[in-house]
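Remarks on the structure that follows.
In this note's numbering, the protein residues as written are 2 to 404.
This is the structure in structure tokens:
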């Protein structure tokens, strides 16, 4: 096995653990009576999307030789990997982990009020109609990857998924939250995290896996080193940006805020990790932490219930990191030796992916609501989904365990 293959297999394992890490992160953020339901959203996304990826998803994300780039690749050309060259399985496995976590991210928008069956129907349709095609546009030889050549500018930069992962998931989360509606007791301060340690463990696993997420396709030692250091410092700067913003607003520092700041920095650096000098990665992390700390409050002013702030973290930081490249990308940014062309193509990709994912997710959510009702009954939501829908509780008291 070549060194590149070894590293990609290692990175695949790192990214794979991110989705269970997300389950812990999201699970800690919800109230105790819906922890199992929240974690099952991530685990079910792994199961469903992993199967769809092998059946037809991988074929949709890549335009093969002689295949004219269109909406997506041919879903039948790698059907079930029956005739696929095994040499491509390493990269295919790496791509599968991206598809899993991209879908799972959306679920944070609907905590406490949506059943597993409704979520899985939405997740399968969204992965098929949004994630697989957008991945082809961005990385598989599609129109976003070719946009710079068409306009005579620098190419769009999205190293690891600012558009395909975070913007698409964040826009879908907004659409799904709007269709699902607000929780029964939606208000500031009502829905507090039930387990700060669980949130911290989940954030640690996400950060751990993000090294593979960003550096998995590095081509040499120098590039890998740049990606790793940028991934680290953007997250650390994100913590500082979030905590500083809270301090300026007169709020006490908390671990959930620190973890959220780290995630904001990680999201923002995802598209930019291979194309920024570390000093600009630090600035990006600070900006992302501050911007997301402010953005997560917008749901209360605007009246939409994005339960776990997928919009405020992933859509906002993903867009920020993608657009930031227009100013600071090494050699092509407006302030780093380039011109406005980089900003132009970055802006087009942000608007196109966000708009497409939002509209399609909105239509999928409306269709799912028509078929399943989407939300659980009010009495189940009020009493807790876990026991009624899953037959499990996150925690069993000692006296209950002995009985």
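Glycine included, C-beta positions come from ideal geometry on N, C-alpha and C.
Checklist entry - On the premise that residue 331 lies in contact with residue 161, defined as a C-beta separation below 8 Å, what is that separation, rounded to the nearest angstrom? => result Actually they are not in contact, since the Cβ atoms of residue 161 and residue 331 sit about 16 Å apart, beyond 8 Å.
Checklist entry - Can at least three beta-carbon pairs, one atom from the segment 139-146 and one from the segment 201-213, be found at a separation below 8 Å? => result no
Checklist entry - By DSSP, does residue 10 sit in helix, in strand, or in coil? => result helix
Checklist entry - Which value, in whole angstroms, describes the spacing of the CA atoms of residue 2 and residue 86? => result 16 Å
Item to check | residue 68 versus 372, 336, 142, residue with shortest Cα-Cα distance | outcome: 142
Checklist entry - What does DSSP give as the partner residues of residue 376 in its beta bridges? => result 115
Checklist entry - What residue does the alpha helix (DSSP H) around residue 164 start on, and which one ends it? => result Residue 164 -> no alpha helix (DSSP H), and no H or E assigned at all.
Checklist entry - Is residue 390 helix, strand or coil by DSSP? => result helix
Item to check | Cβ pair count under 8 Å reaching 3, the segment 106-122 against the segment 20-37 | outcome: yes
Checklist entry - Hey, residue 363 and residue 180 are a contact pair by Cβ (cut 8 Å); roughly how many whole angstroms apart? => result 7 Å
Item to check | DSSP-derived helix/strand/coil call for residue 225 | outcome: helix
Next on the checklist: Under DSSP, the alpha helix (DSSP H) around residue 138 begins and ends at which residues?
Outcome noted: 133-140
Item to check | Ranges of the alpha helix (DSSP H) found wholly within the segment 184-248, counting only runs of at least 4 | outcome: 197-216
Next on the checklist: Under DSSP, the alpha helix (DSSP H) around residue 281 begins and ends at which residues?
Outcome noted: 279-296
Checklist entry - The alpha helix (DSSP H) spanning residue 2 covers which residue range? => result Residue 2 -> no alpha helix (DSSP H), and no H or E assigned at all.
Next on the checklist: What would DSSP say about residue 404, mapped onto helix, strand or coil?
Outcome noted: Here the model assigns residue 404 a pLDDT of 39, short of 50, so the residue's position is not dependable, and the following value carries that caveat. Coil at residue 404, not helix or strand.
Next on the checklist: Please classify residue 226 as buried or exposed, where buried requires at least 16 neighbouring CB atoms within 10 angstroms.
Outcome noted: exposed
Checklist entry - Between the C-alpha atoms of residue 279 and residue 157, what's the straight-line distance to the nearest angstrom? => result 20 Å
Checklist entry - Nearest-angstrom Cα distance between residue 198 and residue 304? => result 29 Å
Checklist entry - Which of helix, strand or coil does DSSP assign to residue 15? => result helix
Checklist entry - Around the Cβ of residue 387, are there at least 16 other Cβ atoms within 10 angstroms (buried) or fewer (exposed)? => result buried
Checklist entry - Three-state secondary structure (DSSP) at residue 357? => result helix
Item to check | Close beta carbons around residue 367, own chain, < 7 Å, minus the five adjacent residues each side | outcome: 180
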